[in-house]
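A quick write-up on the structure given underneath.
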Amino acid sequence: MAKNKILIFSIIFLILTCSKDSSDPITSKIPAEIPTYFGTYLYNDNDCGGSDIQYATISEDGIAFFDFLGDNCDDTVSCYLQDSYELTEVTADTFLIVTQDGSYITGGELYLYGDSSITLAFEDDNGPVQYSWNKIKDDISSFTPLCDQEYENTKDIVDIIVYAV
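Residue numbers for the sequence shown follow the working numbering, beginning at 497 and rising by one.
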């Protein structure tokens, strides 16, 4: 009888110790650490009296810019114009904007200032351009509705018509 108890106890012990455990550190996957600069940023408007609403989001897919065209600066339609780019890391705080055919930004660089702000610098037809955003949240926001076509800035045309009358 004692031999049966020892045999049963040994079998139970072997079953419990040899079973796969999902918390086994050897077989568990180590979660990837999310970079602190991933998140949603708000544009620091210096050109349009503080009324230009633009956001940028940085994620594993790159950077996406969202310009709300219904604000007092653009004054067109109530949708977000989206422009997305891949990023190539140069240093821990500098990225190159990967340009594709039809891209608005060519030769752009993105500078990180800790996890709180970013600056985009590039050359356009009028010379060097710099835009800055402050981080507003760690999550990646989505902005809708997206514009289904390109719209030009009609504010200047409207102002000309109003002043002409």
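Cβ coordinates follow ideal geometry from the N, Cα and C atoms, glycine included.
Please go through the same chain and pick out, in chain order, the residues whose beta-carbon is closer than 6 Å to the beta-carbon of Ile601, but skip the five residues on each side of it. Ile593, Phe618
Helix, strand or coil for Ile614, going by three-state DSSP, please let me know. strand
Per-residue DSSP class, three states only, for Leu565: coil
Should Tyr533 be labelled buried (16 or more other beta-carbon atoms within 10 Å of its own) or exposed? buried
If you drop the 5 nearest sequence neighbours on each side, which residues of the same chain put their C-beta closer than 8 Å to that of Tyr659? Caution is warranted here: a pLDDT of 32 is assigned to Tyr659, below 50, making its placement in the model unreliable, and no coordinate value can be reported.
Burial state of Leu616, where buried means 16 or more other Cβ atoms lie within 10 Å: buried
Ser628 and Tyr539 - do their beta-carbons sit closer together than 9 Å? yes
For the 8 Å Cβ check, are there 3 or more pairs between the region 620–637 and the region 567–585? no
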